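Novice: One structure, as structure tokens, below. Some questions next.
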Amino acid sequence: MQKLDESLLTHLPPFAKLHRSQIRAILDQASSKRFDPEQTVFSEGETAERFYMLLDGYIRVIRITPDGEQVIALHIPAGQLFGIALAIGRESYPATAVTAAESIVLSWPTRLWTDFSTNYDGFATETYKTLGSRIGEMNNRILEMATQHVEQRVANALLRLINQTGRKTENGVEIDFPITRQNISEMTGTTLHTVSRLLSAWQKQGIVESQRKRVMVRQPHQLVELAQGPLSSS
């Protein structure tokens with residue numbers, strides 16, 4: 001099996017302070033796997049036997065509600081750790097990780113987590129920064145669900161995605177992985193019918209372009225105005 005090159009990790013925050021020899025030691029203990037789109041990396045409730053680094057692609061983090069509905073909690077871009085249950089004091093995965101696009105993933109046995117956190121400068125601090133950012137995003141989502149109209153929630157979801165993963169084109173900013181209207185409904189706590197109605201209306205207005213599994217924002221400023229809602233809203 002061909003050895004993974006150290007340059008894969010040198011630019012990523014958890015490993016940026018490490019010497020190449022340290023990165024070599026980390027890579028020598030890693031397993032590498034390519035996933036097709038819509039493949040499950042691990043499932044909610046499974047024992048956390050490994051932790052992961054996304055080298056390429058996107059991960060969709062999914063929770064199941066008590067009544068069995070699927071909710072998309074987060075999208076994780078390339079260059080981030082995920083499945084880091086021990087970092088939040090858990091022995092099982094708190095959510096399901098599914099690839100949103102073709103992805104390349106490194107993983108290590110969970111027993112190495114304490115060793116990495118203790119012995120590699122910057123690994124723990126950068127990991128907790130990432131966790132803090134994700135918690136902040138989820139708190140914002142909870143606030144949106146409680147206080148915003150559905151139009152605002154959908155607009156905010158699209159803005160988040162283009163800010164995190166947008167790819168600029170001559171016609172606008174495209175979300176850089178396949179995403180369906182059902183996915184958007186699961187991100188915003190609304191129905192597929194409502195998302196379809198909104199996107200169709202916004203497409204007629206030239207704000208977005210929505211095709212099969214692809215969404216492009218053609219007028220980001222107008223989407224920002226929709227996300228802010230009417231001046232009279234609380």
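Under UniProt numbering, the residue at position 189 of the sequence shown is numbered 189, and the numbers go up by one with no gaps.
Positions of the beta carbon are idealized from the N, C-alpha and C atoms, including for glycine.
Bear in mind the structure is a predicted one, so any value in this text is a computation, not a measurement.
#1: Counting only runs of 4+ residues fully inside the UniProt domain "HTH crp-type" (148-221), write out the alpha helix (DSSP H) ranges in chain order.
#2: For H149, which option in G229, F51, S43 and A87 has the closest C-alpha, if you only look at C-alpha atoms?
#3: With a threshold of 16 other CB atoms inside 10 Å of the CB of E46, please say whether the residue is buried or exposed.
#4: Is the beta carbon of A101 sitting closer than 8 angstroms to the one on P220?
#5: Going along the chain, which residues of its own chain have a beta-carbon closer than 6 angstroms to the beta-carbon of I84, five neighbours each way excluded?
#6: Counting only the same chain and skipping the five closest in sequence on each side, list residues whose C-beta sits under 8 angstroms from that of D3.
#7: Within 10 angstroms of the Cβ of L18, are there 16 or more other Cβ atoms? Answer buried if so, exposed if not.
#8: Going straight from the alpha carbon of E126 to that of F35, what length do you get?
#9: Just the C-alpha distance for T114 and T169, rounded to the nearest angstrom, thanks.
#10: State the DSSP-derived secondary structure class of R134, mapped to helix, strand or coil.
#11: Measure the Cβ-Cβ separation of V98 and G172 and say whether it is below 8 angstroms.
#12: Rounded to the nearest angstrom, how far is the Cβ of L192 from that of Q203, given a contact under 8 angstroms?
#13: Can you look up P66 in the DSSP assignment and give me helix, strand or coil?
Specialist: Looking at the coordinates:
#1: 150-165, 181-188 and 192-204
#2: G229
#3: exposed
#4: no
#5: F51
#6: The displayed chain sequence assigns Lys, not Asp, to residue 3. Excluding positions up to five away in sequence, the list reads L27 and D28.
#7: buried
#8: 26 angstroms
#9: 43 angstroms
#10: helix
#11: no
#12: Not quite, the Cβ-Cβ distance comes to about 16 angstroms (not below 8 angstroms), so this is no contact.
#13: coil
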